[in-house]
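Residue numbers (the numbering used here): -13 to 287.
Where a beta carbon is used, it is the ideal one built from N, C-alpha and C, also for glycine.
If you want it as structure tokens, here you go:
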């Protein structure tokens, strides 16, 4: 197996004594599309900057393409593509001038791909960058990051400034990058629907640590909502971990309850039915539902 495209271990970062990242561990396999999911302000941008070596970690290590992110050589940097939250492009240049300037830094540049994306995203090469909207500048930043066909593409909230149509085109471009199976994409977002469309893996950042990292389908398979109907009153403490293994949240009203349960087996479900003399219907959850549940404190309501 090839080495991971990104391997970070024990990464911590604080600003002014306030911890933003607390011993973060994250592995992004080569060839995967991984969505970094977290609330606004969760520290996604800080994590991305730390893993790219743009911020010095207080502790821990970040490896990109097998090298320390803090001391990447020129050849490895040429294999990276990065789009920050704010593009920060040169407003006095025209689009074609910035493209030529950027292309000069890379030994490999696919001008045909760039021209195709400019046309598809309705950008004119003669436009001055300072006259572009924030969303259009974001499109251009993505095109510039794709032009050298990077082996590792890292994007920080890339679709935040895009309208729905542009977001669909962006997601198509990401799928095209990933289709070869040897190139890797990591993108941060708080838009779960975007992540579900293109990612095969998800990493959830919460309270300065990675709450979950792994296969997206596995996460969706692991968390379900139970609708419980019993013959008599259910225990009020049904939301405690001892009552039902893996319970994330519980709402109990007499003989009916709704539980969100993580990692429950069919055997655990049958045991709960027998214990409470109840019928349990199982509901699949969307990624958005799961994300909200993971940010909710466990316990009965």
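{"Query": "Selected residue, minimal CA-CA separation from residue 46, among 195, 129, 187 and 178", "Result": "195"}
{"Query": "Local conformation of residue 16 per DSSP, three classes", "Result": "coil"}
{"Query": "Terminal residues of the alpha helix (DSSP H) in which residue 87 lies", "Result": "81 to 89"}
{"Query": "Which listed residue (88, 135, 79 and 197) has its alpha carbon closest to that of residue 29", "Result": "197"}
{"Query": "Cβ-Cβ separation, residue 38 to residue -7 (assumed contact under 8 Å), whole Å", "Result": "With 8 Å as the limit, residue -7 and residue 38 do not qualify as a contact, their Cβ atoms being about 13 Å apart."}
{"Query": "Beta-carbon separation (whole angstroms), residue 231 vs residue 250, contact threshold 8 Å", "Result": "7 Å"}
{"Query": "Contacting residues, own chain, Cβ-Cβ under 8 Å from residue 275 (five flanking each side not counted)", "Result": "211"}
{"Query": "Which listed residue (59, 139 and 150) has its alpha carbon closest to that of residue 171", "Result": "139"}
{"Query": "8 Å Cβ shell around residue 92 - same chain, five flanking residues per side excluded", "Result": "64, 133 and 134"}
{"Query": "Bounding residues of the beta strand (DSSP E) (the contiguous stretch that carries residue 294)", "Result": "The chain is shown only over -13 to 287; residue 294 falls outside these bounds and no answer can be derived."}
{"Query": "Sequence ranges, alpha helix (DSSP H) only - wholly within the segment 196 to 231, length at least 4", "Result": "202 to 208"}
{"Query": "Counted within 10 angstroms of its Cβ, other Cβ atoms place residue 217 as buried (16 or more) or exposed", "Result": "exposed"}
{"Query": "Residue burial classification, residue 81 (beta-carbon count within 10 angstroms, cutoff 16)", "Result": "buried"}
{"Query": "CB of residue 180 within 9 Å of CB of residue 203, strictly", "Result": "no"}
{"Query": "Extent of the continuous beta strand (DSSP E) to which residue 46 belongs", "Result": "45 to 50"}
{"Query": "Best match in 147, 215 and 193 for proximity to residue 4 [C-alpha to C-alpha]", "Result": "193"}
{"Query": "Rounded separation between residue 285 and residue 245 - CA only", "Result": "Interpretation of residue 285 is limited by its pLDDT of 39, a score under 50 that renders its predicted location unreliable; no figure is taken from the coordinates."}
{"Query": "Closest Cα partner of residue 51 within the set 40, -11 and 253", "Result": "-11"}
{"Query": "Enclosing beta strand (DSSP E) for residue 265 [first to last residue]", "Result": "264 to 270"}
{"Query": "Given 8 Å, three or more beta-carbon pairs between the segment 61 to 79 and the segment 98 to 106", "Result": "no"}
{"Query": "Three-way DSSP call (helix, strand, coil) for residue 169 in this model", "Result": "coil"}
{"Query": "Validate contact between the segment 154 to 169 and the segment 13 to 30 using beta carbons, cut 8 Å, 3 pairs", "Result": "yes"}
{"Query": "Environment of residue 287 [buried if 16+ CB atoms lie within 10 Å]", "Result": "With a pLDDT of only 41 at residue 287, under the threshold of 50, the placement of this residue in the model should not be trusted, and no figure is reported."}
{"Query": "Assigned exposure category for residue 267 - 16 Cβ within 10 Å defines buried", "Result": "exposed"}
{"Query": "CB of residue 177 within 9 Å of CB of residue 147, strictly", "Result": "no"}
{"Query": "Per DSSP, cross-strand counterpart(s) of residue 142", "Result": "174"}
{"Query": "Straight-line gap, residue 183 to residue 215 (C-alpha atoms, nearest Å)", "Result": "35 Å"}
{"Query": "Candidates 235, 159, 14 and 23: closest to residue 100 by CA position", "Result": "159"}
{"Query": "For residue 14 and residue -9, believed in contact at Cβ under 8 Å, the rounded distance", "Result": "5 Å"}
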